[in-house]
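What follows is a set of notes on a single structure, which appears directly below.
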Amino acid sequence: MERENISAARPVVSKTAERKYPYYIENPVIENRVDRFLEAFSAILQFTDYRALLDSYCTSNAKCNRCAVACPIYLVTGDPRDIPCYRTNLLLDIYRRYFTIGGWFKSRFSDSFELTEDIIDDMLDVFYRCTACRRCTRECPMGVDHGLITRLGRYILSLINIVPKALQVSVREQLEGETHNTSKVPKEALLNTLEFLTEELEDMLGIKMAFPVDCERRDFVFFCAVSDYLMEPETLMGNAAVLYAAGDWDRWTIGTCNYDGINYGLFYSDWHLERIIQQLVNEVDRLKGKSILIGECGHASRSAHDFVPIFGGRNPHPVMNFMEYTLDCIRRNRITLNGEVITERVTYHDPCNIARSGWIVDQPREILRSFVRDYVDMTPMGENNYCCGGGGGLVSIDEIHEFRMSVAGRLKADQLLQTGADICIAPCANCKKQLKELVEYYHIPCKIMGLHDLILQAIEIPGAKTARERKEEAALLEM
Amino acid sequence: MEQWIDIAKGPLFALTFLIMVLGLLRLVIIQVYSLLGRKGRLLRNAPWRKIFADALTWVVPVRHLIPGTKLFSVISFLFHIGILVVPLFLADHIVLWERFVGVSLPAIGYTLADTLTLFTLAALAVLFGYRVLLPRLRAMSQPADYYLLMVIFMPFATGYAASHPSVNPISWEAMMLMHLLSAELLFILIPFTKLAHIVLFFFDRVSAVHWQLRPGAGDRVAEALYGREAKV
Chain G
1 MERENISAAR
11 PVVSKTAERK
21 YPYYIENPVI
31 ENRVDRFLEA
41 FSAILQFTDY
51 RALLDSYCTS
61 NAKCNRCAVA
71 CPIYLVTGDP
81 RDIPCYRTNL
91 LLDIYRRYFT
101 IGGWFKSRFS
111 DSFELTEDII
121 DDMLDVFYRC
131 TACRRCTREC
141 PMGVDHGLIT
151 RLGRYILSLI
161 NIVPKALQVS
171 VREQLEGETH
181 NTSKVPKEAL
191 LNTLEFLTEE
201 LEDMLGIKMA
211 FPVDCERRDF
221 VFFCAVSDYL
231 MEPETLMGNA
241 AVLYAAGDWD
251 RWTIGTCNYD
261 GINYGLFYSD
271 WHLERIIQQL
281 VNEVDRLKGK
291 SILIGECGHA
301 SRSAHDFVPI
311 FGGRNPHPVM
321 NFMEYTLDCI
331 RRNRITLNGE
341 VITERVTYHD
351 PCNIARSGWI
361 VDQPREILRS
371 FVRDYVDMTP
381 MGENNYCCGG
391 GGGLVSIDEI
401 HEFRMSVAGR
411 LKADQLLQTG
421 ADICIAPCAN
431 CKKQLKELVE
441 YYHIPCKIMG
451 LHDLILQAIE
461 IPGAKTARER
471 KEEAALLEM
Chain S
1 MEQWIDIAKG
11 PLFALTFLIM
21 VLGLLRLVII
31 QVYSLLGRKG
41 RLLRNAPWRK
51 IFADALTWVV
61 PVRHLIPGTK
71 LFSVISFLFH
81 IGILVVPLFL
91 ADHIVLWERF
101 VGVSLPAIGY
111 TLADTLTLFT
121 LAALAVLFGY
131 RVLLPRLRAM
141 SQPADYYLLM
151 VIFMPFATGY
161 AASHPSVNPI
171 SWEAMMLMHL
181 LSAELLFILI
191 PFTKLAHIVL
201 FFFDRVSAVH
211 WQLRPGAGDR
221 VAEALYGREA
231 KV
């Protein structure tokens with residue numbers, strides 16, 4: 001791709017009074033953003049614990065440029081504004097000038113740095129050019145967490161009402177709307193979908209499994225990204241098949257008051273993060289459930305796994321990702337996967353939130369190797385994996401589609417192409433959406449699937465049609 | 001000149017060294033206080049094993065040689081060996097540590113010290129060159145990033161010149177005075193500049209602790225700005 005194309009993809013930030021934002025914003029603030037930004041920043045410093053971190057970072061960040069070569073966005077654009085350390089220093093400069101003694105002292109005696117409207121424009125652009133993949137953090141010799149600082153910057157901006165409309169509208173529906181989920185899926189639609197999934201499974205396997213809804217005192221309360229109910233039925237069917245085959249059908253349930261694992265608060269707001277977690281925990285408490293089982297979703301898993309112990313009260317519910325559950329079933333021989341049916345070459349995409357920022361790297365690989373004959377890894381992989389380009393909530397912002405394709409996802413597309421894989425497993429709702437768009441954009445002959453979509457093809461359930469029969473049936477249908 | 005050197009070696013050394021120690025101590029106390037005092041029980045949730053394992057990978061950072069900064073990283077790593085070993089273990093410095101700090105360190109040979117010093121000087125020049133010539137590095141550099149390299153350069157250059165009369169254009173006394181004063185300037189700057197990473201490097205690494213957000217803080221921020229009825 002040529003340079004011009006890339007720069008054409010840059011969102012325009014005009015400096016005129018009529019400010020143009022790179023993404024849609026509800027009721028954009030025009031007046032007095034500087035004062036309001038500082039007011040919000042100081043409220044955050046007063047009530048939260050970020051001060052120590054900012055003190056430490058703004059004294060010691062080395063500006064060594066190692067983060068630049070780790071950043072999949074900078075590697076594509078070559079624009080200094082995309083260097084993680086540059087972005088972090090935008091916020092650190094403000095902190096240093098307005099909230100430290102040294103900065104105050106310096107401002108008395110010299111024309112030091114001042115926060116201007118232009119800097120706010122710069123921030124609202126670059127903070128949302130980052131996918132919060134935290135690859136730079138691993139390569140920072142000081143350990144500066146650019147992801148956390150970018151998130152803090154977004155948090156402050158969100159408090160002065162500068163936040164992509166797509167994220168804000170979803171969170172509002174989740175917290176204040178009637179459906180309590182980001183995609184506005186009403187309870188009736190959920191029940192219809194579950195009925196549809198039951199029928200599909202019956203067609204496919206020859207077994208009727210009615211989904212357990214609102215059952216109390218179950219071991220697992222299941223949450224997935226609510227969009228999966230609309231867009232990824234096969235993943236959910238795979239999840240159901242594993243639970244059924246393992247004999248755990250009466251140990252799990254889906255709640256109808258809250259069935260959305262998505263938590264955009266993880267990307268931009270402490271306030272929303274906590275309230276969404278509480279909502280999730282309330283639902284588990286209502287159903288008197290024991291633990292939280294999160295479907296194939298990266299950031300939902302991370303936010304529940306990391307924040308339920310903090311915001312979830314005195315005896316927080318344990319949190320498990322579905323892949324951990326499946327691996328456990330495989331290890332204990334509770335389910336059987338047919339090693340003959342998957343003949344395509346398969347690769348695995350590590351979602352940043354559960355690999356680099358989480359705890360899931362080897363588990364899905366162990367599952368895949370147990371039944372896939374031709375499995376290849378991407379390079380780099382695991383904790384060093386490149387982001388799909390849609391992380392940090394970016395995938396939900398439709399108006400930056402071109403940026404996500406031509407810039408943020410470009411290295412991922414290259415990586416995918418190099419594996420020569422026919423199927424790429426991406427166990428994350430965000431990654432799946434972004435990667436599906438990427439393979440279309442770059443014409444890559446690769447199918448993007450969830451891990452349980454593939455398991456659904458290979459699982460052997462006693463009394464059901466065998467995996468081989470199902471494969472033949474599917475082939476007939478395609479003809 | 002002699003009495004100037006005596007002052008620089010005596011009270012001035014003690015004073016600047018004390019400033020450095022107290023300044024660094026202040027930074028450590030602030031960090032420990034805010035971690036223990038404000039994070040409290042959240043500290044137990046933090047993935048300490050992961051934090052320490054990650055910190056250890058940076059002791060000999062071979063795993064962090066990534067394409068694009070390999071030479072830069074190797075040089076800055078070796079540079080750190082030079083700036084730690086020579087000031088601490090050179091025979092002439094050990095005397096000072098014994099007198100002011102009360103610890104006796106083993107001495108390294110003069111050949112090794114000379115080699116390390118020359119290497120450190122060369123490394124500083126290369127790091128400086130990188131900062132000037134590499135566009136992405138220049139774009140993010142601020143004045144302090146340049147002048148600190150020069151401040152570190154001075155004590156090494158003057159120390160080498162003072163101990164090698166053949167490369168010393170001025171008198172030994174003048175060079176030694178410059179050596180002492182530049183080192184003392186460095187002492188003063190350490191706690192107030194990015195050189196403070198000699199103690200802060202660990203506190204920078206605990207970002208996983210800072211991800212343990214304080215329950216209720218988000219609500220209080222929203223309430224302070226928009227009142228109790230704050231909406232998304």
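Quick note, the sequences are listed as chains G and S, same order. Residue numbering for the first sequence follows our numbering, beginning at 1 and increasing consecutively. Residue numbering for the second sequence follows our numbering, beginning at 1 and increasing consecutively. Ideal Cβ positions, reconstructed from N, Cα and C, are used throughout, including at glycine. Computed from a prediction, not measured in an experiment: that's the story for all the values here.
With 16 other Cβ atoms within 10 Å as the buried cut-off, status of residue i
i                 : result
Ile-30 (chain G)  : exposed
Arg-314 (chain G) : exposed
Gly-238 (chain G) : buried
Met-123 (chain G) : buried
Asn-353 (chain G) : buried
Met-1 (chain G)   : For Met-1 (chain G), the pLDDT reaches just 36, beneath the cut-off of 50, and the residue's location in the model is therefore unreliable, leaving the point undetermined.
Trp-211 (chain S) : buried
Gln-46 (chain G)  : exposed
Leu-25 (chain S)  : exposed
His-443 (chain G) : exposed
Lys-39 (chain S)  : buried
Arg-373 (chain G) : exposed
Val-103 (chain S) : exposed
Asn-430 (chain G) : buried
Bridge partner(s) assigned by DSSP for residue i
i                 : result
Phe-113 (chain G) : DSSP, once it has assigned bridges, lists no residue as partnering Phe-113 (chain G).
Asp-374 (chain G) : G:Arg-345
Leu-90 (chain S)  : S:Ile-108
Thr-336 (chain G) : G:Glu-460
Trp-252 (chain G) : G:Phe-220
Residues of its chain near residue i, where Cβ-Cβ distance is below 6 Å and the 5 sequence neighbours each way are ignored
i                 : result
Met-1 (chain S)   : Glu-173
Leu-266 (chain G) : Leu-273, His-299 and Ser-303
Gly-23 (chain S)  : Pro-191
Tyr-74 (chain G)  : Ala-68, Asp-82 and Ile-83
Ala-269 (chain S) : For chain S, the structure presents residues 1 to 232; residue 269 (chain S) sits outside this window and is missing.
Asp-422 (chain G) : Glu-344 and Arg-345
Phe-128 (chain S) : Leu-149
Pro-186 (chain G) : Thr-179
Val-319 (chain G) : Ile-292, Ala-304, His-305 and Val-308
Thr-16 (chain S)  : Glu-184, Phe-187 and Ile-188
Extent of the continuous alpha helix (DSSP H) to which residue i belongs
i                 : result
Arg-345 (chain G) : From DSSP, Arg-345 (chain G) is part of no alpha helix (DSSP H) but of the beta strand (DSSP E) over 345 to 348.
Phe-211 (chain G) : Segment: none, Phe-211 (chain G) is in no alpha helix (DSSP H) and carries neither H nor E.
Cys-424 (chain G) : Run containing Cys-424 (chain G): none in the alpha helix (DSSP H); it sits in the beta strand (DSSP E), 423 to 425.
Asn-321 (chain G) : Element bounds for Asn-321 (chain G): not the alpha helix (DSSP H) but the beta strand (DSSP E), 319 to 321.
Val-221 (chain G) : That residue, Val-221 (chain G), is in no alpha helix (DSSP H); its beta strand (DSSP E) goes 220 to 223.
Leu-438 (chain G) : 429 to 441
Trp-4 (chain S)   : 2 to 9
Ala-197 (chain G) : For clarity, residue 197 (chain G) is Leu in the given sequence; the question names Ala instead. It spans 187 to 205 - the alpha helix (DSSP H) in which Leu-197 (chain G) sits, taken as one unbroken run.
Asp-204 (chain S) : 197 to 205
Val-221 (chain S) : 217 to 226
Ser-406 (chain G) : It is not in any alpha helix (DSSP H) - Ser-406 (chain G) carries neither H nor E in the DSSP assignment.
Ser-60 (chain G)  : 50 to 60
Ser-158 (chain G) : 146 to 159
Cut-off 7 Å between Cβ atoms - residues of its own chain near residue i, not counting five sequence neighbours on either side
i                 : result
Ile-335 (chain G) : Val-242, Ala-245, Ala-246, Cys-329 and Ile-459
Leu-190 (chain G) : Tyr-229, Thr-256 and Tyr-259
His-179 (chain S) : Pro-155, Thr-158, Gly-159 and Ala-162
Phe-89 (chain S)  : Leu-105, Pro-106, Ala-107 and Ile-108
Ser-14 (chain G)  : A caution first: Ser-14 (chain G) carries a pLDDT of 42, below 50, which makes its placement in the model unreliable, though a value can still be read off. So the list reads Lys-20, once near-sequence residues are dropped.
Glu-472 (chain G) : none
Leu-195 (chain S) : Leu-148 and Leu-189
Ile-19 (chain S)  : Phe-187 and Ile-188
Gly-392 (chain G) : Cys-130, Thr-131, Ala-132 and Phe-267
Residue i - containing beta strand (DSSP E), residue span
i                 : result
Lys-447 (chain G) : 447 to 449
Spatial neighbours of residue i in its chain, beta-carbon cut-off 8 Å, leaving aside the 5 residues before and after
i                : result
Ser-60 (chain G) : Met-142
Length-filtered (4 minimum) alpha helix (DSSP H) runs lying within the stretch 134 to 189 of chain S:
135 to 140, 143 to 163 and 172 to 189
Mind listing, in chain order, the continuous beta strand (DSSP E) runs of no fewer than 3 residues lying wholly within the stretch 256 to 297 of chain G?
291 to 294
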